[in-house]
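Protein sequences appear in the order of chains R and Z.
Using my numbering, read the first sequence as starting at 16 and increasing by one per residue.
Using my numbering, read the second sequence as starting at 16 and increasing by one per residue.
Note that beta-carbon positions come from the ideal geometry of N, C-alpha and C, so glycine has one too.
Predicted model only: the values in this text are computed from it and were never measured.
2 protein chains.
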Amino acid sequence: MNGEHTWSEIQSQGHVWQAAVSRASEASGPLAEHYRSKQYTEALFIGCGSTHYLSLSAAALASEMLGLRARGLPSSEVFLFPKAVLPRSGQPVLVAVSRSGETSETIMAVDLFKSSYGNETLTVGNYPDARLVKACAASIIIPEGQEISVAQTRSFASMLVAIQVLVGTCAGDRAYLEALSALPAAVARLLRDYTEPMRKLGADDAYDKYIFLGSGPFFGVASEGMLKMKEMSLSHSEAFHYMEFRHGPKSIVDKRTLILGLLSDSARDQELKVLSEMRGLGASVLLIADRVPAGAPADYTVELGTGLPELARLPLCLTPLQVLAFSRSVSKGLDPDNPTNLTQVVVL
Amino acid sequence: MNGEHTWSEIQSQGHVWQAAVSRASEASGPLAEHYRSKQYTEALFIGCGSTHYLSLSAAALASEMLGLRARGLPSSEVFLFPKAVLPRSGQPVLVAVSRSGETSETIMAVDLFKSSYGNETLTVGNYPDARLVKACAASIIIPEGQEISVAQTRSFASMLVAIQVLVGTCAGDRAYLEALSALPAAVARLLRDYTEPMRKLGADDAYDKYIFLGSGPFFGVASEGMLKMKEMSLSHSEAFHYMEFRHGPKSIVDKRTLILGLLSDSARDQELKVLSEMRGLGASVLLIADRVPAGAPADYTVELGTGLPELARLPLCLTPLQVLAFSRSVSKGLDPDNPTNLTQVVVL
Numbered sequence: 016m017n018g019e020h021t022w023s024e025i026q027s028q029g030h031v032w033q034a035a036v037s038r039a040s041e042a043s044g045p046l047a048e049h050y051r052s053k054q055y056t057e058a059l060f061i062g063c064g065s066t067h068y069l070s071l072s073a074a075a076l077a078s079e080m081l082g083l084r085a086r087g088l089p090s091s092e093v094f095l096f097p098k099a100v101l102p103r104s105g106q107p108v109l110v111a112v113s114r115s116g117e118t119s120e121t122i123m124a125v126d127l128f129k130s131s132y133g134n135e136t137l138t139v140g141n142y143p144d145a146r147l148v149k150a151c152a153a154s155i156i157i158p159e160g161q162e163i164s165v166a167q168t169r170s171f172a173s174m175l176v177a178i179q180v181l182v183g184t185c186a187g188d189r190a191y192l193e194a195l196s197a198l199p200a201a202v203a204r205l206l207r208d209y210t211e212p213m214r215k216l217g218a219d220d221a222y223d224k225y226i227f228l229g230s231g232p233f234f235g236v237a238s239e240g241m242l243k244m245k246e247m248s249l250s251h252s253e254a255f256h257y258m259e260f261r262h263g264p265k266s267i268v269d270k271r272t273l274i275l276g277l278l279s280d281s282a283r284d285q286e287l288k289v290l291s292e293m294r295g296l297g298a299s300v301l302l303i304a305d306r307v308p309a310g311a312p313a314d315y316t317v318e319l320g321t322g323l324p325e326l327a328r329l330p331l332c333l334t335p336l337q338v339l340a341f342s343r344s345v346s347k348g349l350d351p352d353n354p355t356n357l358t359q360v361v362v363l
Numbered sequence: 016m017n018g019e020h021t022w023s024e025i026q027s028q029g030h031v032w033q034a035a036v037s038r039a040s041e042a043s044g045p046l047a048e049h050y051r052s053k054q055y056t057e058a059l060f061i062g063c064g065s066t067h068y069l070s071l072s073a074a075a076l077a078s079e080m081l082g083l084r085a086r087g088l089p090s091s092e093v094f095l096f097p098k099a100v101l102p103r104s105g106q107p108v109l110v111a112v113s114r115s116g117e118t119s120e121t122i123m124a125v126d127l128f129k130s131s132y133g134n135e136t137l138t139v140g141n142y143p144d145a146r147l148v149k150a151c152a153a154s155i156i157i158p159e160g161q162e163i164s165v166a167q168t169r170s171f172a173s174m175l176v177a178i179q180v181l182v183g184t185c186a187g188d189r190a191y192l193e194a195l196s197a198l199p200a201a202v203a204r205l206l207r208d209y210t211e212p213m214r215k216l217g218a219d220d221a222y223d224k225y226i227f228l229g230s231g232p233f234f235g236v237a238s239e240g241m242l243k244m245k246e247m248s249l250s251h252s253e254a255f256h257y258m259e260f261r262h263g264p265k266s267i268v269d270k271r272t273l274i275l276g277l278l279s280d281s282a283r284d285q286e287l288k289v290l291s292e293m294r295g296l297g298a299s300v301l302l303i304a305d306r307v308p309a310g311a312p313a314d315y316t317v318e319l320g321t322g323l324p325e326l327a328r329l330p331l332c333l334t335p336l337q338v339l340a341f342s343r344s345v346s347k348g349l350d351p352d353n354p355t356n357l358t359q360v361v362v363l
């Protein structure tokens, strides 16, 4: 089968997320103690491609749960335009997210950060012997998330879950940590119930534009959904904040557009209005929600059914989108394991 | 002719930018004095659609020139997810950018900001009697930038130039302000020399994917170029930070891809390498540079020829992209004055 590695990496997530929870829980105690001993003025999350999108959701999470000024940035912008993005004062902490731990731009950004602010650095990744592990003061590594495929799936989720555990531990939020411990079983159930519907939808030739919408902490996850669709299936795919989509981009909506909407709790009503408007313009909608509201403006639905708060369920929203991208790829005769033009690590 | 309003709005920019320089210079003296009397801990630039993209470039500018922590945010995220994006301490200043001054989301974000941090607010726009002018403590208004068209062209540039003048004045940077005074003549020259080449390129059916690349302060401008192409011509168009494009998105590059590259000074060598790689994958490249380097990897070039520093020449890079989007639209039989699905102001 085309894409056998990607397929097994997507399907193994119950086990891998469990490992992420365990490893991050173990590492987070001392890290949280260190966090409390410092007066960080802000947190900078950096990455490239998928991990840049991860950094956007991570920053929203840290900001909400720790009350800490936080930003997600592309690693390249940090070392190419430091004055445009880095603070001139205070004591920031840097979190460098990288599957391989070998991405040149992230290593260069870490080196630059250390020269300006000292070694208040943490890396989150999947390979214990990586250069970033050596370069940073601390690390959370989940080897179970390693992948043969180029496109990140379980590695991404493992790093996101690890950061959720870390932030929850630093916040001392026991209810949140309890919620996170429910994620491995939830993703296993999700894969069992929704793999077939997502395969079927991915095989549907009715659509040629895929628009991923997510607000607040969901924007980074929506962006990663967009990237999976692009890398694996070479389809026209874009991600927007829900309400931003109205300000111009919606001009391209037509009957061959599928909108993938990740529903939050905080902005639920506004988000449903946007989806309803897009259906009025001819688009179809796949709604991913914890509970699908009665009469929701959707042609397809994924109901997570966890009862978890929005900041806990972030990674679950991505899983059906991974299956969808995989299926679209195979349906177009492509090989998800070998995305066009790409390699696993970008080394300059 | 289809698009006569948009056309005359694009072509009138020499005059409009001159008005922007004058009006912003007049307003900036007292604003800079107020700025110096305050100890702002950061600046938040907000907007929707085009003005959100403007806010990204404005934040990079403020960060570099004032050493002030600065962010560009969508207005909607500020009021839907305040805890994910707003600081819990310190005294931020808010700059609300809006052509009409009537955009609901921006008004709601300003109201929320004021309730938390007091009325340290400034609006930049084109209509003196707008609700945002009444809601904010101060304003810079350039009525000459008003438009009949839905898609922002001269209004966008007028607001960007105004913010450049403001930041330059707050920084007390006389050389920079001198450089800005050269922009109106430079844009008139650019329109004279490059309107025909851009019309010709826009009429070329060889391309069906338009990728806009810009790093640092150029990213917001590249994003606005992307939005013009989308709104006016309904083409597949996306914007990325140069080096981010390598991490996945480049999978979609083929012979029908036109890369629009905005060349900075700071990251010039890395940017040229990315463009060269994309040509190797089959894409064509339009390079927009102040001076086009010998042997540059480009199929088409726009040479601004100003000798101005990168932070001054930002709005110039957008002008040829406006003409290109206009021409692509007309060439596809569309009407640039009436983008599909859109209205001039989004009022909720």
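| query | result |
| --- | --- |
| Alpha-carbon spacing of LEU365/Z relative to ASP280/Z, whole angstroms | Because chain Z in this structure spans residues 16 to 363, residue 365/Z falls outside the shown range and cannot be described. |
| Chain-order list of residues whose beta-carbon lies under 6 Å from that of GLU325/Z (same chain, five-residue window excluded) | SER279, ASP280 |
| GLU120/Z - partner residues in DSSP beta bridges | Per DSSP, none; premise fails for GLU120/Z. |
| Local Cβ density within 10 Å of MET241/Z, reported as buried at 16 or more and exposed below that | buried |
| Supposed contact pair SER113/Z and THR21/Z - C-beta distance, whole angstroms, cut 8 Å | Actually they do not touch by this definition, with Cβ atoms about 20 Å apart. |
| CB contact below 8 Å: GLY217/Z versus chain R | no |
| Contacts that THR355/Z makes with chain R (C-beta to C-beta distance below 7 Å) | SER266 |
| Runs of alpha helix (DSSP H) wholly within the stretch 205-254 of chain R (minimum 4 residues, chain order) | 233-248 |
| Members of the stretch 105-130 of chain Z that neighbour chain R once the beta carbon cut-off is set at 9 Å | GLY105, THR118, GLU120 |
| Euclidean distance between Cα positions of SER252/R and LEU301/Z | 23 Å |
| PRO308/R: contacting residues in chain A (beta-carbon distance under 9 Å) | Judged by its chain identifiers, the structure shown contains no chain A, and its protein chains are R and Z. |
| Alpha-carbon spacing of TYR55/R relative to GLY235/R, whole angstroms | 24 Å |
| One or two residues paired with SER299/R in a DSSP bridge | LEU273/R |
| Any C-beta of chain Z under 8 Å from that of SER344/R | no |
| Contact list for GLU79/R against chain Z, beta-carbon separation under 9 Å | PHE96, LYS98, ALA99 |
| Rounded Cβ spacing between LYS245/Z and GLY229/R (contact assumed at less than 8 Å) | Not a contact, Cβ separation roughly 19 Å. |
| Straight-line gap, ALA282/R to PRO232/R (C-alpha atoms, nearest Å) | 11 Å |
| Sheet register partners of THR3/R (DSSP bridge) | This structure gives no information on residue 3/R, because the portion of chain R shown stretches from 16 to 363. |
| Coarse secondary structure for GLU318/R, derived from DSSP in three states | strand |
| Segment contact flag, the stretch 194-211 of chain R with the stretch 90-104 of chain R, C-beta cutoff 8 Å, min 3 pairs | no |
| Supposed close pair ASP352/R, GLU19/R - CB separation, criterion 8 Å | 7 Å |
| Sufficient close CB pairs (3 or more, under 8 Å) joining the stretch 68-84 of chain R to the stretch 176-192 of chain R | yes |
| Reduced DSSP category for ILE61/Z - H, G, I as helix; E, B as strand; rest coil | strand |
| Alpha carbon of GLY385/Z to alpha carbon of GLU318/Z, nearest angstrom | Since the first and last residues shown for chain Z are 16 and 363, residue 385/Z lies out of range. |
| 8 Å contact criterion, which SER65/R and GLN167/R should meet: CB distance rounded | 4 Å |
| LEU331/Z to VAL139/Z span [Cα, whole Å] | 19 Å |
| Cross-chain neighbours of ALA75/R in chain Z, by beta carbon under 8 Å | PHE96, ALA99, VAL100 |
| Pairwise C-alpha distance: TYR257/R and ALA194/R | 26 Å |
| The beta strand (DSSP E) enclosing LEU88/R, as first and last residue numbers | 85-89 |
| Assigned secondary structure, ALA304/R (DSSP; H/G/I helix, E/B strand, else coil) | strand |
| Buried or exposed (CB count within 10 angstroms, at least 16 for buried), PRO354/R | buried |
| Unbroken stretches of the alpha helix (DSSP H), 4 residues or longer, contained in the stretch 26-78 of chain R | 28-52 |
| Near-chain Z residues of the stretch 244-271 of chain R (beta-carbon distance less than 8 Å), N- to C-terminal order | LYS245, GLU246, LEU249, HIS251, GLU253, HIS256, TYR257, MET258, GLU259, ARG261, HIS262, GLY263, PRO264, LYS265, SER266, ILE267, VAL268 |
| From GLU239/R, VAL176/R, GLU48/R, ALA85/R, residue whose alpha carbon lies closest to that of GLY187/R | GLU48/R |
| Opening and closing residue of the alpha helix (DSSP H) in which ARG261/Z lies | 257-261 |
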